[in-house]
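Visitor: For any residue, its number in my numbering is found by taking its place in the sequence shown, counting from 1, and adding 3. Built from N, CA and C at the ideal position, the CB exists for glycine as well. All figures in this text were calculated on a predicted structure; none of them were measured in a lab. Here you go, one structure.
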Amino acid sequence: MTRLILSFRFLLLLLLLLLLCSSDRTSAWIFAPQHFPLPPPASSVSEPLAAFPTLPLSDFERAALATCPCADASQCLPLAFGGGSNAQLSAKKDKKEVYAFSVTTTDEWKRYDWEQLTTVAWNEDKELLCHAHSKGVKFDIKHNFEDVDALCDVRVRKQWIQTTYERMVSNFADGVNIDTEKPMHGAPAKCMTQLVRELRLELQQHTLTQHAQITFDVSWAPRGVDGRYYEWKQLADAADFLFVMSYDMRSQIYYQCIAAANSPLALVKQGLEEFLFGFGVAPAKLVLGVPWYGYKYACTPPAVAASADGRDAVCALEPSPFFGAPCSDAAGQQVDFRDIMALVDRDSLQLRWDAMTQTPVAASANGSFQIWFDNPESLARKYALVRELGLRGTGMWNVDSLDYAATQGPRARETQAMWAALQAMY
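Structure, rendered in structure tokens:
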């Protein structure tokens, strides 16, 4: 009996020695059946998950993060979770909003003034996403609700919201911009507000979208422009902010069918004041949208000026009806700022300042066309409204309207001046 006990103790001691001295591979063989794969070592776990192990991510969110295209995988997390460097995030904290719509298909976005930008929207280039987050700049996708006749269908809204969530997560976005520029009033307008409320509630239920930025593009004034009679105050309360498109302000012309400013200063201010004072929208809920482009109008007949400075050269347009109005800016052609300035130089166009609208005008010598546009001087006066009215910030349609390829000469100086003008809002 004693020998049996000693033998049993010897076997236990031998087994203990094997456990203590065995390699990791031997341990794995002892404790894991060979037909079951062992879990990967901690070093192979996706960096966003490793950096934030306590995030309660859904399977869908985990799968999305596993496809992160950024060299620094943490940049695939929304900035609310530290997707950018602490220094960059801190630098953006006290800045006014600068919301840029990017539509380029090239890499010219690398030359944006990233120090001033706070959000870049629409462009789903993944390299741009990584760069934006590395600079502490938010990235918003675009997702519109186009079928306004179905706005009051709860099931359709629910599906749209689910798609919005999935697109945001798949694109590693910080938010969504809704650009549904559709005419509506009554029940559909109420349901549009409800859509944004429901979107907010749903996004708050998910880890990666709980702090999502929701923005909504609105007309330059809350007065039924292009048939839009929205619930302005309620819509602003439901969203993070409204992007006020203070351009294309001649989309409906009911009086003289003539060329004029795309974004006249006094009317821009009046439109903003109607949101603020007429509907009680908080200043922090408004971002002033400005044009980095203009309109080229063909004059029929040619505009002939009697004065030397051309102030009385009226450019009559061929009527181009739009949404019940007999004339509109559809009679013209949109031209980016860089192309306007190139035309001014190439064709020796006559430049003058329109005191009434506080915008520049370029005209051909023979009066065959006029270009009404905005430049650093006119834009600075609009940016000053941000400071004057206490708005959240400004933004532009669109940020790709400048000549980023030029490194010297007039185009390069103009590009620099356009960005520098943003300082007028401080």
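How about L291 and S249: do their beta carbons lie closer than 7 Å?
Guide: Judged by beta-carbon spacing, S249 lies within the 7 Å limit of L291, meaning their Cβ atoms are closer than that value.
Visitor: Curious, which full-length beta strand (DSSP E) runs of at least 3 residues does the region 329 to 391 contain?
Guide: 336 to 339, 353 to 357, 362 to 366, 372 to 375
Visitor: Less than 7 Å between C-beta atoms, sequence neighbours within five positions excluded: which residues of the same chain meet that for D243?
Guide: Listed in chain order, the non-local C-beta contacts of D243 below 7 Å within the same chain comprise Q216, I217, T218, local neighbours out to five positions each way being set aside.
Visitor: Going by DSSP in three states, A409 sits in which element: helix, strand or coil?
Guide: coil
Visitor: Taking just the CA atoms, how far does L60 sit from T5?
Guide: Residue placement at T5 cannot be trusted, given a pLDDT of 43 that sits under 50; what the coordinates show is reported in the next sentence. Each residue's alpha carbon lies about 59 Å from the other.
Visitor: Can you list the beta strand (DSSP E) stretches of 3 or more residues lying completely in the region 120 to 195, in chain order?
Guide: Fully enclosed beta strand (DSSP E) runs of 3 or longer: 122 to 124, 141 to 145, 178 to 181.
Visitor: If we call anything under 7 Å between Cβ atoms a contact, is P225 one with S266?
Guide: No, Cβ-Cβ distance for P225 and S266 is not below 7 Å.
Visitor: Please name the residue in D357, A366, T360 whose C-alpha comes closest to that of D348.
Guide: A366
Visitor: Name the two residues that bound the continuous beta strand (DSSP E) containing Q216.
Guide: 216 to 222
Visitor: If you draw a straight line from the alpha carbon of N180 to that of W125, how long is it in whole angstroms?
Guide: 8 Å
Visitor: Touching or not, the region 276 to 291 and the region 360 to 380, by the rule of three or more beta carbon pairs under 8 Å?
Guide: no
Visitor: State the CB to CB distance for the pair Q207 and L425, rounded to an integer number of angstroms; the pair is presumed to be in contact (CB under 8 Å).
Guide: About 32 Å; that fails the 8 Å criterion.
Visitor: So is D110 buried or exposed if we call it buried at 16+ other beta carbons inside 10 Å?
Guide: exposed
Visitor: With H, G and I counted as helix, E and B as strand and the rest as coil, what does DSSP make of M252?
Guide: Of the three classes helix, strand and coil, the one that applies to M252 here is coil, per DSSP.
Visitor: Quick one: residues in its chain with C-beta nearer than 7 Å to the C-beta of D143, no 5 flanking neighbours on either side, listed in chain order?
Guide: Within the same chain, Cβ atoms closer than 7 Å to the Cβ of D143 are found at T122, A124, A176, D177, G178, V179, N180, Q216, T218, the five residues on either side in sequence being excluded.
Visitor: Is DSSP giving S47 helix, strand or coil here?
Guide: Caution applies to S47, whose pLDDT of 38 falls short of 50 and renders its modelled position unreliable; the value that the coordinates give is listed next. Three-state result, S47: helix.
Visitor: Decide if E100 is buried, meaning its Cβ has at least 16 other Cβ atoms within 10 Å, or exposed.
Guide: That one is buried.
Visitor: Between T167, S222, T210, which lies nearest to L198 when the distance is taken from Cα to Cα?
Guide: T167
Visitor: Going by C-alpha to C-alpha distance, which of I164, T418, Y233 sits closest to P191?
Guide: Y233
Visitor: Given R114, which residues of its chain have a CB within under 6 Å of its CB, disregarding the five upstream and five downstream residues?
Guide: Y407
Visitor: Do P186 and G230 have their C-beta atoms closer together than 7 Å?
Guide: In this structure, G230 lies closer than 7 Å to P186 by Cβ.
Visitor: Measure the beta-carbon distance from Y300 to D339 and round it to whole angstroms, keeping in mind my assumption that it falls under 8 Å.
Guide: Contact doesn't hold; Cβ gap of about 16 Å is too wide.
Visitor: Tell me the residue span of the beta strand (DSSP E) that contains L289.
Guide: 289 to 294
Visitor: Note down, in chain order, each residue of its chain lying with its Cβ closer than 6 Å to the Cβ of D128, except the 5 sequence neighbours on either side.
Guide: none
Visitor: Assuming L82 contacts W112 (C-beta within less than 8 Å), just tell me the rounded distance between them.
Guide: Actually they do not touch by this definition, with Cβ atoms about 18 Å apart.
Visitor: In angstroms with no decimal places, state the Cα-to-Cα distance between C155 and I164.
Guide: 13 Å
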